[in-house]
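**Q** Protein chains in written order, with this note's numbering: chain A, 796 to 1101; chain B, 432 to 680. All residues carry an ideal CB built from backbone N, CA and C; glycine is no exception.
Structure, rendered in structure tokens:
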């Protein structure tokens, strides 16, 4: 296990280097003002998406759940587009609050609708419906606003460009706080992902807990969406890989390593997106979606013990 | 003194279908109680109502004088632990973590599990002879082992009452006997209420057996009173007396 951890740290550093150094035209100004915030943005996005994915899979007891699929990211994206249209662009707590409000609403709609039946896969079904509904609203809004369309093209598949220190530092601050909070939640997450009725008899107020956890997940997801747009499949894929790699480990450890793997995956896709088609930079969300959808298919076909 | 469990005029509807039809019951001194009855007679529902999972019932349920409907889950979990019939979990957990969950009611938001909690888990595990599987993953266990783990979890909860929902319904005879021996040995200090299908086991281990049909308690007998009760038992299951006799001998 220590070997694996070292390997992961090693890979993390290698790709950090590539992500910072590519493309090779070193310029101190450029490095400090563009690449460092971009790098921090990637790391935070990876951390938050994989953590949110892990949590939402545990809450819904569904190994195929993901904040991208159930509409949490979509809700946040809608808020960004609306902010863009009304001309509110300064990143800060108010902006973040607005974004998270939308993503919380979207998540709760999906959750609330799924409660009408007791199937655990139901949140996926209602989530997909909510998600496509939100996406169509976004497209609708974009048609009537040219400014927003640029932003949509920019954030629809994720992007780490144009990140400033301000934006990144806010998100680091917010995310650290949320990650800290979710760390305390782990001991409650295990029972409700084990069996909800059982959790109830263990003295947990399941409905209230789920309410809090859904808010937490939406907030964590909004952190990533607010800085880098919609990047799919990270939250779906990474927790599976973590669980596969570290089958016998403590849950808190899984939580940490999971977030690291998430940022590694984003660093890799960032390197690919910058270098493979240079000088054209393809959005990292495209890369994650390509890898992720193949992974998803393998998951569906194999469907072994998750 | 308050009766341990006092149920008055209990009604429960599930999808506008009456599952529990006016149960009146009070449990005082028996320690090992079996609830038997045909499928769908409301046994499991009854357990879930007492353990506080279903709170939208009509009537009153009091445990140690405490009204279940008005108690929080945490308050209930200090006096009642519930072992579900079977657990399916898509995610794998370590057996140790699962048993440790039974201690969560003694935690607050900020505290983690203490050394004392770990010690209690180890003690129970040694007691039930499952210390060798503590590090294994739950989904890699056999059904019998899973059930023992779930009982261990209920035991670390340290409640005076344990409810079990068909703990041995798909286990082999070896595990059946093992689990009921565990329960019997615990029943001197705790009240144990178990829903079960196997009448033979019920008459071997339980002090008293309640027979349910159509959402109501029909009658309650002591295990030693089997001889005189073949007729009512056969009525409960709508089979003839001879086949019940043959089965129970």
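Can the beta-carbon of residue 933 of chain A be found less than 8 Å from the beta-carbon of residue 844 of chain A?
**A** no
**Q** Taking a contact to mean a Cβ-Cβ separation below 8 Å, would you say residue 1010 of chain A touches residue 973 of chain A in this structure?
**A** no
**Q** Quick check on the DSSP output: the alpha helix (DSSP H) that includes residue 489 of chain B runs from which residue to which?
**A** Looking at the DSSP string, residue 489 of chain B is not in any alpha helix (DSSP H); the run it does join, the beta strand (DSSP E), is 489–494.
**Q** Mind pulling the chain A residues with CB within less than 7 Å of residue 533 of chain B?
**A** 997
**Q** Quick one: is residue 989 of chain A near chain B, going by C-beta distance under 8 Å?
**A** yes
**Q** As an exercise, report each continuous alpha helix (DSSP H) stretch of at least 4 residues that is fully enclosed by the segment 898–968 of chain A, in chain order.
**A** 917–938 and 941–950
**Q** Taking three-plus beta-carbon pairs below 8 Å as touching, is the segment 544–556 of chain B in contact with the segment 586–594 of chain B?
**A** yes
**Q** Excluding five sequence neighbours on each side, which residues of the same chain lie with their C-beta closer than 8 Å to the C-beta of residue 1095 of chain A?
**A** Cβ within range, chain order: n/a, list empty.
**Q** For residue 560 of chain B, would you say it is in contact with chain A, using Cβ-to-Cβ distances shorter than 8 Å as the test?
**A** no
**Q** Among B:676, B:477 and B:614, which has the Cα closest to the Cα of residue 462 of chain B?
**A** B:614
**Q** With a threshold of 16 other CB atoms inside 10 Å of the CB of residue 581 of chain B, please say whether the residue is buried or exposed.
**A** buried
**Q** Return the chain-ordered list of same chain residues with a C-beta closer than 6 Å to the C-beta of residue 457 of chain B, the five sequence neighbours on each side being excluded.
**A** 434 and 437
**Q** Tell me whether residue 649 of chain B sits in a helix, a strand or coil according to DSSP, three-state version.
**A** strand
**Q** When you check each C-beta in the segment 962–984 of chain A against every C-beta of chain B, which residues fall closer than 8 Å?
**A** 979, 982 and 983
**Q** Quick check: what's the CA-CA separation for residue 570 of chain B versus residue 500 of chain B?
**A** 34 Å
**Q** Compute the beta-carbon to beta-carbon distance between residue 505 of chain B and residue 536 of chain B, rounded to the nearest angstrom, for a pair I have assumed lies under 8 Å.
**A** 6 Å between Cβ atoms; contact.
**Q** DSSP on residue 1043 of chain A, reduced to helix/strand/coil?
**A** coil
**Q** According to DSSP, what are the bridge partners of residue 456 of chain B?
**A** B:438
**Q** Cutting at 6 Å between CB atoms, please list the residues of its own chain near residue 1101 of chain A, excluding the five before and the five after it.
**A** Confidence at residue 1101 of chain A is low in this model, with a pLDDT of 47, below 50, so its placement is unreliable and no value can be given for it.
**Q** Quick test of your reading: residue 953 of chain A and residue 1026 of chain A, contact by CB under 8 Å. State the CB separation rounded to the nearest angstrom.
**A** Between the beta-carbon of residue 953 of chain A and that of residue 1026 of chain A there is about 4 Å, and that keeps the pair under the 8 Å contact cut.
**Q** Along chain A, in chain order, which residues have C-beta atoms closer than 9 Å to that of residue 483 of chain B?
**A** 995 and 996
**Q** The beta strand (DSSP E) with residue 643 of chain B in it runs from where to where?
**A** 639–644
**Q** Closest Cβ-Cβ distance between residue 1092 of chain A and chain B: below 8 Å?
**A** no
**Q** Counting Cβ pairs closer than 8 Å, one from the segment 959–968 of chain A and one from the segment 874–892 of chain A, do we hit at least three?
**A** yes
**Q** Do you know how far the Cα of residue 579 of chain B is from the Cα of residue 691 of chain B?
**A** Coverage of chain B is limited to positions 432 through 680, which leaves residue 691 of chain B absent and any answer about it impossible.
**Q** Hey, quick one: how far does the beta strand (DSSP E) through residue 465 of chain B stretch, first residue to last?
**A** 463–467
**Q** Assign residue 817 of chain A to one of three DSSP states: helix, strand, or coil.
**A** coil
**Q** State the DSSP-derived secondary structure class of residue 451 of chain B, mapped to helix, strand or coil.
**A** The answer is strand: DSSP assigns residue 451 of chain B an E or B state.
**Q** Please determine if the segment 507–520 of chain B and the segment 596–603 of chain B are in contact, where contact requires at least 3 C-beta pairs separated by less than 8 Å.
**A** yes
**Q** Along chain A, in chain order, which residues have C-beta atoms closer than 9 Å to that of residue 525 of chain B?
**A** Chain A residues near residue 525 of chain B: 1043, 1044, 1045 and 1046.
**Q** Would you mind reading off the limits of the beta strand (DSSP E) that contains residue 595 of chain B?
**A** 592–596
**Q** Closest Cβ-Cβ distance between residue 508 of chain B and chain A: below 8 Å?
**A** Nearest CB-CB separation between residue 508 of chain B and chain A: below the 8 Å threshold.
**Q** Are any of the Cβ atoms in chain B nearer than 8 Å to that of residue 1101 of chain A?
**A** Since pLDDT at residue 1101 of chain A reaches only 47, below the 50 mark, its modelled position is unreliable, and the value read off the structure follows with that caveat. Answer yes: the Cβ-Cβ gap between residue 1101 of chain A and chain B drops below 8 Å somewhere.
**Q** Would you mind telling me which residues of chain A sit closer than 7 Å to residue 505 of chain B, beta carbon to beta carbon, in chain order?
**A** 998
**Q** For residue 858 of chain A, which residues in chain B fall below 8 Å Cβ to Cβ?
**A** 521 and 522
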